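Heads up, the sequence shown is in the working numbering, so the first residue is 8 and it goes up one at a time. Data first, discussion second: the structure below is written as structure tokens.
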Amino acid sequence: GTGLIEATGTASSVFLSINPAGKALGVCGAFVAGPDWAIDYLIQCARPFIFSTAPPPSIAAALEASLSIITGEEKRRQQLLELAIYLRESLILNDIPILPGNSQIIPVILGDNERATTTASALQQAGFDVRAIRPPTVPAGTSRLRISLNINLDQNILRQFTNTLKRVMG
8 GTGLIEATGT ASSVFLSINP AGKALGVCGA FVAGPDWAID YLIQCARPFI FSTAPPPSIA
68 AALEASLSII TGEEKRRQQL LELAIYLRES LILNDIPILP GNSQIIPVIL GDNERATTTA
128 SALQQAGFDV RAIRPPTVPA GTSRLRISLN INLDQNILRQ FTNTLKRVMG
């Protein structure tokens, strides 16, 4: 919801952060957050920034609008966290191997590339938008499914997903 810095309680000790603007913010690129003097320094001295083409103003406006909206969405962030907890518990109860965490992105570890791709394909055919993640994105032998939750899901859909995944995995 608010990122790893907030989740780990380290926000007060982080000097600068680089924040991706895709996915949750619905924009492309990224932005740097920090004190004004540090941002000014980067603007004046960071060669990749100086010699890059600036994004169109529409991207900056879309990012500003996205940030404005999400800062007031604590209730929805909490709902998403609750969905993630529910699915994680459901997967664990069904002996489906996941990595620990509390994010709305849940990695289901399958190990083998072929198993990951065939499982993802079967889930897609069942109506679930799931992707296989394989090397070199992840270490060899740790191929996985990337389950990305969103606020438009509910426990019934997650229950159906768990049952389908369990059936597909055999």
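Glycine included, every Cβ here is placed at the ideal spot set by N, Cα and C. Bear in mind the structure is a predicted one, so any value in this text is a computation, not a measurement.
Residue closest to residue i, alpha-carbon to alpha-carbon, out of the options
| i | options | result |
| --- | --- | --- |
| Ala72 | Arg84, Ala129 and Gly33 | Gly33 |
| Ala68 | Gly36, Ala18 and Gln131 | Gly36 |
| Thr15 | Val145, Ser110, Pro143 and Ile50 | Ser110 |
| Asn101 | Ala28, Met176 and Ser65 | Met176 |
| Ala28 | Arg54, Phe58, Glu81 and Val39 | Val39 |
| Tyr93 | Ser19, Thr149 and Arg166 | Arg166 |
| Leu160 | Arg174, Phe135 and Thr149 | Phe135 |
| Ile77 | Arg174, Gly10 and Val115 | Gly10 |
Residues that residue i bridges to, as DSSP identifies them
| i | result |
| --- | --- |
| Ser24 | Ala40 |
| Gly152 | Correcting the residue type first, residue 152 is Leu in the shown sequence and not Gly. Per DSSP, Val115 and Ala139. |
| Ile105 | Val115 |
Residue i and residue j closer than 7 Å at C-beta
| i | j | result |
| --- | --- | --- |
| Asn120 | Arg151 | no |
| Ile154 | Gln86 | no |
| Ala123 | Ala139 | yes |
| Thr144 | Ser97 | no |
| Ile12 | Ala18 | yes |
Cβ distance (whole Å) where residue i is taken to contact residue j below 8 Å
| i | j | result |
| --- | --- | --- |
| Phe56 | Gly41 | The pair is not a contact, with the Cβ atoms about 14 Å apart (cut-off 8 Å). |
| Ile103 | Leu172 | 6 Å |
| Val137 | Ala127 | 5 Å |
| Leu156 | Leu90 | 5 Å |
| Thr149 | Ile112 | Contact flag wrong, Cβ pair sits at about 15 Å. |
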